[in-house]
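Participant: Handing you a structure now.
Residue numbers (my numbering), protein chains in the order written: chain H, 1 to 316; chain W, 1001 to 1288.
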């Protein structure tokens, strides 16, 4: 295995992402698929901020993702036909919910934490599912469309132009990922790593562990709801299943598949997962079994993920 | 009005008994092995479908006896093949694995038996209402409550009076010591998993008779079971039982006054418990 320079690898990734709509057609993809990969990558990378870099097991991120989705949909449909307003509302909703729920659960650890996040995630699912006349219930929220963004000097037509939407998503992705990258490199991020490695030692060093975990949780959930707002834009639709526990599981498997301990891992995991799901669901009715089997195989034979394995090989 | 409240309260308690039955199995596995068995709902559905297949041959009562045992057998095999490999690793992996298994179970049952609700015949003896004023008091409902009581008492007898139960309890508090003392921990965990899935299978047979048999029957019951465990307190089986009954009764009562909040109320209760008493109602301090 050739050793790859980290900076060169990052540059290569950004280059590939910037040109994706142009090379995707060569490999029989389409722009919307690329946009989907980017949106779900952002969600998986946000989750991994907590999972891989703070060592806290959340299995309920779909709730915050879904709050973003519905925040966008409800805003455009009922409040104000503006994409930016929808993003603001969706992200704010995710942030507030994460801050409140985070305060309740921040003292719990391990399996207990996972279980509580799963259970809390379902609250929003049931609200969306039951509040029929506002959210559309099980049928989802339809009857609205993304709105072109008017910047004063120019108009970004994300409705008519697939590529424009892709670049909007890429812009949000870049901003969010850069912030997370910077945070992980800062003393705050290093503290999170210390908590992941040995919580007790971190506590003895006088680090307010609970507060750090709460912060990491809120950051992670907030970026996840940003991804949710973009997902709503992509689909022109809000689906209650975006809020459900299976969606949370998808995010976790993306992070694990790509490599939890690598910054770019979830991106690769999301790409593999989205392409696989797209292919399998077009081939067979029983795609759920295939995806389930995929979960089992990844856990049993591939627990370090793609980048984890690459890294170990190159370390030899 | 009183009748309506009584009806919903009883209904809620029965549903709560299901939650408790399922949550007790989940709790057993979680306490000893540290595994959240997401596939528990799948095992429950399997219990219902096995019973559905068996009824034409051995009748309802025979199916009630045999189907849960078959489910437990599947549980033993699943534990042996998959879950055993993940003990001692990050709980993330067992969670993901059982998550995948839950998908496979749900899709598999849909593939074999179809997506629509199957007719599930309950014996006539149990169908007739016992009283005209309280028409909702069918024999089946009372029978379910009685059976759940028997199973719960049986479980606590096994745990408190038998050697296996003693080892399970000991392993729950300190598995390493139990292992050093010469207990085969692999077999212990295997049997414990079987016991947990047996309870899921039994709940499945009962639930099929009450709620109708369809592939999603398990995933509808699993989330409230998690809530029951959290409210009751992780690590405490009596707590789990209490939690199940409490959320069942609460959601039954809310159905009377504000039906669309009947699901949300149990999560609100969970939030309240976590706020006031993070270890759960009967949970031990400092265990998690």
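We put the beta carbon where it would ideally sit given N, CA and C, even for glycine. Since we're looking at a predicted model, the values are computed, not measured.
Per DSSP, which one or two residues make a beta bridge with residue 267 (chain H)?
Facilitator: Answer by DSSP bridge pairing: none, since residue 267 (chain H) is not bridged.
Participant: Within 7 Å (strictly less), CB to CB, does residue 303 (chain H) reach chain W?
Facilitator: yes
Participant: If you measure beta-carbon to beta-carbon, which residues of the region 111-127 of chain H are closer than 8 Å to chain W?
Facilitator: 111, 112, 114, 115, 116, 118, 119, 120, 122, 123, 126, 127
Participant: For residue 77 (chain H), count the other beta carbons within 10 Å of its own beta carbon; 16 or more makes it buried, fewer makes it exposed. Which is it?
Facilitator: buried
Participant: Quick one: does residue 1263 (chain W) have its CB under 7 Å from some CB of chain H?
Facilitator: Chain H places a beta carbon closer than 7 Å to that of residue 1263 (chain W), counting this residue as a contact.
Participant: Quick check on residue 1236 (chain W) - is its C-beta less than 7 Å from some C-beta in chain H?
Facilitator: no
Participant: Between residue 1 (chain H) and the rest of its own chain, which residues show a CB-CB distance below 8 Å, the 5 nearest in sequence each way excluded?
Facilitator: Here residue 1 (chain H) scores only 44 on pLDDT, less than 50, and its place in the model is too uncertain to base an answer on.
Participant: Quick check on residue 1218 (chain W) - is its C-beta less than 7 Å from some C-beta in chain H?
Facilitator: no
Participant: When we look at the beta-carbon of residue 1230 (chain W) and count the other beta-carbons within 10 Å, is it buried (16 or more) or exposed?
Facilitator: So residue 1230 (chain W) counts as buried.
Participant: For residue 286 (chain H), which residues in chain W fall below 9 Å Cβ to Cβ?
Facilitator: Under the 9 Å cutoff, chain W gives 1107, 1108, 1110, 1111.
Participant: In chain order, what residues of the same chain have a beta carbon less than 8 Å from the beta carbon of residue 306 (chain H), not counting five sequence neighbours either side?
Facilitator: 257, 258, 259, 265, 268, 269, 272
Participant: Should residue 1192 (chain W) go down as buried or exposed, given a rule of 16 or more other Cβ atoms within 10 Å for buried?
Facilitator: buried
Participant: Under the three-state reduction of DSSP, which class applies to residue 1045 (chain W): helix, strand or coil?
Facilitator: helix
Participant: Using a Cβ cut-off of 9 Å, pull out every chain H residue sitting near residue 1247 (chain W), in sequence order please.
Facilitator: Residues of chain H passing the Cβ test: none, with the nearest at roughly 11 Å.
Participant: To be precise: take each residue of the region 87-107 of chain H, compare its Cβ to all Cβ atoms of chain W, and keep it if any distance is under 7 Å. Which residues remain?
Facilitator: 104, 105, 107
Participant: When DSSP builds the beta bridges, which residues end up paired with residue 156 (chain H)?
Facilitator: According to DSSP, residue 156 (chain H) bridges with H:149.
Participant: Taking the alpha helix (DSSP H) that residue 253 (chain H) falls in, what are its first and last residues?
Facilitator: 245-258
Participant: To which residues does DSSP link residue 238 (chain H) through a beta bridge?
Facilitator: H:141
Participant: Could you tell me which of W:1012, W:1024, W:1228 sits nearest to residue 1151 (chain W), measuring between CA atoms?
Facilitator: Taking only the C-alpha atoms, the option nearest residue 1151 (chain W) is W:1024.
Participant: Chain W beta carbons: is any one of them nearer than 7 Å to that of residue 262 (chain H)?
Facilitator: No, residue 262 (chain H) lies away from the interface with chain W (no Cβ there is under 7 Å from its Cβ).
Participant: Output yes or no for whether 7 Å exceeds the beta carbon distance between residue 1233 (chain W) and residue 1281 (chain W).
Facilitator: Going by C-beta atoms, residue 1233 (chain W) is nearer than 7 Å to residue 1281 (chain W).
Participant: Can residue 1038 (chain W) and residue 1102 (chain W) be called in contact, C-beta distance under 7 Å?
Facilitator: yes
Participant: Quick one: does residue 1036 (chain W) have its CB under 7 Å from some CB of chain H?
Facilitator: yes
Participant: Between which two residues does the alpha helix (DSSP H) containing residue 323 (chain H) stretch?
Facilitator: With chain H covering 1 to 316 only, the question about residue 323 (chain H) has no answer from this structure.
Participant: Below 8 Å on the Cβ atoms is my guess for residue 1153 (chain W) versus residue 1064 (chain W); work out the distance and round it to an integer in Å.
Facilitator: Between residue 1064 (chain W) and residue 1153 (chain W) the Cβ distance is about 17 Å, and since that is not below 8 Å, they are no contact.
Participant: Between the region 85-95 of chain H and the region 220-233 of chain H, do three or more beta carbon pairs fall short of 8 Å?
Facilitator: Contact annotation: the region 85-95 of chain H touches the region 220-233 of chain H, with at least three C-beta pairs closer than 8 Å.
Participant: Take residue 1105 (chain W) and list the residues in its own chain whose beta-carbon comes closer than 8 Å to its own, dropping the five residues that flank it on each side.
Facilitator: Around residue 1105 (chain W): 1039, 1041, 1042, 1043, 1045, 1046, 1218.
Participant: Can you tell me which residues form a DSSP beta bridge with residue 1213 (chain W)?
Facilitator: W:1118
Participant: Thinking C-alpha only, which one of H:279, H:224, H:120 is nearest residue 41 (chain H)?
Facilitator: Among H:279, H:224, H:120, the Cα nearest to that of residue 41 (chain H) belongs to H:224.
Participant: For residue 252 (chain H), tell me which candidate among H:30, H:23, H:304 has the shortest Cα-Cα distance.
Facilitator: H:304
Participant: Could you tell me if residue 1197 (chain W) is buried or exposed, where buried requires 16 or more neighbouring beta carbons within 10 angstroms of its beta carbon?
Facilitator: buried
Participant: So residue 200 (chain H) contacts chain W; which residues on that side make the cut at Cβ distance below 7 Å?
Facilitator: Below the 7 Å Cβ cutoff, chain W contributes no neighbours of residue 200 (chain H), its closest Cβ being approximately 13 Å away.
Participant: DSSP three-state label for residue 1206 (chain W), please.
Facilitator: DSSP places residue 1206 (chain W) in helix when its eight states are reduced to three.
Participant: If you count every other CB in all the chains shown that lies within 10 Å of the CB of residue 318 (chain H), and 16 or more means buried, which is it?
Facilitator: Any question about residue 318 (chain H) goes unanswered here, given that chain H covers just 1 to 316.
Participant: Give the range of the alpha helix (DSSP H) segment to which residue 285 (chain H) is assigned.
Facilitator: It is not in any alpha helix (DSSP H) - residue 285 (chain H) carries neither H nor E in the DSSP assignment.
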